[in-house]
Amino acid sequence: MTEKLYYNEPHTLEFTANVTDIISYNNNYAIFLDKTYFYPTSGGQPFDTGYIGTAKIVDVFEKDGKVFHISESSLEKNSFPAKIDYYRRLEHLQHHTGQHLLSQAFIQIIKAPTISFHLGLETATIEIVIKDLNIEQVNEVEDLANNIIYENRKINVHYVDESEVNNLNLRKPPKKKGDQGVRIIEIENFDMSACGGTHAQSTGELGMIKIIGWEKYKGNIKVEFICGRRALLDYRFKNIAIKNIANKFSTKDNQIEEIITKSIDDTKNIS
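Per our numbering, residue 736 is the first one in the sequence shown, and the count goes up by one each step.
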């Protein structure tokens, strides 16, 4: 049985482990370690990537209590240094904690619970139970979530027995019990939820959270958002685009919408 250290030490990215077994798996190799910090796909959060020795890890999943580290390369049974991709882990950590923040904010502002979460390569989404959503509600939810980030609240991890779960005010009940009991993620004085993902140690690590879109989905609303590093890259791209467009019209950033709207209206009037 692999010792799963990613639960309690999500910021550890380099470690040394012993390869205990290697098997052929779907034209690749499955590498098994005595301990691992590589997170396997679970609960809407994708797997970590990185290296074990010279073997590039392209997938990680858990099956029958074993953690499969999938690589195109094989290794011998020996001790190897391992390294997890920093930016992938950081973005996953920021967005999973961001989801907890956003889900609680939607409950507090418009009483809309989250029923699903998906973390993609560029953005993350949650599905909330509500028929309609408007910009005023979105802004209010964003403000609440970001205020919790600004306050840099501590994030605590608790393990409790199943018998204690009903005594806790959990936003999300547990689906299954882990090796150490039911794992609870608590954002200090804000949110408490059963979860098996990697999380920040404090809300300040998220930097910011931004809702970038929403749409009706199966009678509910799907909300798209970004956090932290992805939010920075998104703002950088959009800021450059806005400035380039503003320069073409010889105007300021905050006047570009008015200028373009007028230009479109003038074109329509001419035609």
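Even glycine gets a Cβ: it sits at the ideal position worked out from N, Cα and C.
Exposure of residue i, with buried meaning 16 or more beta-carbon neighbours within 10 Å
i	result
Gly954	exposed
Glu826	buried
Lys1003	exposed
Lys997	exposed
Lys907	buried
Ala976	exposed
Arg971	exposed
Phe960	buried
Glu921	buried
Gly800	exposed
Met736	exposed
Tyr885	exposed
Ile747	According to the sequence shown, residue 747 is Thr rather than Ile. With fewer than 16 Cβ atoms within 10 Å of its Cβ, Thr747 is classed as exposed.
Lys739	buried
Asp988	exposed
Cβ pair residue i, residue j closer than 7 Å
i	j	result
Phe803	Ala765	yes
Val900	Lys812	no
Asp756	Phe773	no
Ser962	Gln829	The question names Ser, yet the displayed sequence has Cys at residue 962. Contact: yes.
Gly778	Ile944	no
Asp817	Phe925	Here residue 817 is Ala; the residue named in the question, Asp, does not match the sequence. Their beta carbons are not under 7 Å apart, which means Ala817 does not touch Phe925 by this criterion.
Asp820	Gly785	yes
Lys770	Ala790	no
Ile863	Phe841	yes
Leu836	Ile792	no
Gly932	Gln780	yes
Ala938	Asn904	In the sequence under discussion, the amino acid at residue 938 is Thr, which differs from the Ala named in the question. The answer is no: Cβ separation not under 7 Å.
As assigned by DSSP and simplified to three states, the class of residue i
i	result
Ala840	helix
Arg918	strand
Phe972	helix
His831	helix
Ser809	coil
Gly779	coil
Lys978	helix
Val738	The question names Val, yet the displayed sequence has Glu at residue 738. Glu738: strand per DSSP, three-state reduction.
Glu744	coil
Tyr822	helix
Leu854	strand
First through last residue of the beta strand (DSSP E) which encompasses residue i
i	result
Lys951	944-952
Ala859	859-863
Phe984	From DSSP, Phe984 is part of no beta strand (DSSP E); its letter is neither H nor E.
Phe803	801-806
Val754	749-760
Ala817	814-819
Tyr894	890-895
Glu940	That residue, Glu940, is in no beta strand (DSSP E); it is neither H nor E in DSSP.
Asp926	926-929
Val795	790-798
Tyr786	785-787
Residue i - containing alpha helix (DSSP H), residue span
i	result
Asp1000	991-1005
Glu875	870-885
Practice task
Give a yes or no on contact between the stretch 862-873 and the stretch 887-896, applying the rule of three or more CB pairs nearer than 8 Å.
Solution key: no
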